[in-house]
Structures are given as structure tokens and as C-alpha cells.
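A.B. asks: Just dropping this structure here.
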Amino acid sequence: MTNYTEITSMDQWKEVLANTEQSALVLKHSTTCPISAKAYAEYDSFDSSVKKYLVKVIESRPISLEIADDIGIQHQSPQAFLLKDGKAVWNTSHHQITVDSLGKAVASV
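Counted the way the working numbering counts, the sequence shown spans residues 12 to 120.
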């Protein structure tokens, strides 16, 4: 379905973070991990008006680490978080990344 934008540069990440007056979802995804593949499938099938972004943690390691520093949440993969006003207001990882959990997170803000 691919209804997200891949973050591929530090400048792009900083712009995403700075422009979260409206909520945004971010998924940190490992292209080599089967658990991450399952989380990716859930994320990809989640249909929402919220902007969605993807970071490939192996291919974009410096960006992934910067995200952890900027939002103050220890890096995991897979990991999903919801941004609002420049802060992470919700996060989860691994098997908890589901269409249902994403929907509940978005509905809570």
C-alpha cells in the first residue's frame, strides 16, 4: 500500500520533527528482521489521515540514532512512535505494533 514517506536525510528528519503541529507516525524498520517485517506490514496497512514516515534503521543508521536522541526514547527496532508538537507522545515496539495499537494511539491525541 505504501502510504508513507521514507526519511533518508538528517535535514528531512529535522523538518518532520519541527512540523508536528499535526500528529505524525514514524516507524523504525529493519529490512533484515522478520519481527520488523510483521510490524511493517501492520504499519503499511494502517490507513489514517495522520502523516506516516519510515526510517530504515540499517540503511539510515545515523538518522535512526539521531531520532532516539531528539525524542529521548531508546532505540529499538522495530519501533513506532507518534509525534505531536515536536515530542513523542506515544511509542511501542516489536509485536505491539499493530493496526489496532496505531489506531488507538492516533485517536488519543
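The beta-carbon is built from N, C-alpha and C at its ideal position, and this holds for glycine as well.
Only a predicted model underlies this, so the values are computations on that prediction, with no experimental measurement involved.
Report yes or no: do three or more beta-carbon pairs, one from the region 97 to 104 and one from the region 53 to 60, lie closer than 8 Å?
C.D. replies: Segments in contact, no.
A.B. asks: Our contact map puts residue 39 next to residue 88 with C-beta atoms below 8 Å; I'd like the distance itself, whole angstroms only.
C.D. replies: That pair is a contact at about 5 Å.
A.B. asks: Run through DSSP, which three-state label would residue 33 get?
C.D. replies: Residue 33: coil per DSSP, three-state reduction.
A.B. asks: When you compare each of 75, 22, 35 to residue 15 by their alpha carbons, which one comes out closest?
C.D. replies: Ranking 75, 22, 35 by Cα distance to residue 15 puts 35 first.
A.B. asks: For residue 46, which residues of its own chain have a beta-carbon under 8 Å away from its beta-carbon, when the five flanking residues on both sides are left out?
C.D. replies: Within the same chain, residue 46 has close Cβ partners 89, 105, 106.
A.B. asks: With a cut-off of 8 Å on the beta carbons, I'd call residue 78 and residue 66 a contact; round off their distance for me.
C.D. replies: Contact holds; Cβ gap of about 7 Å.
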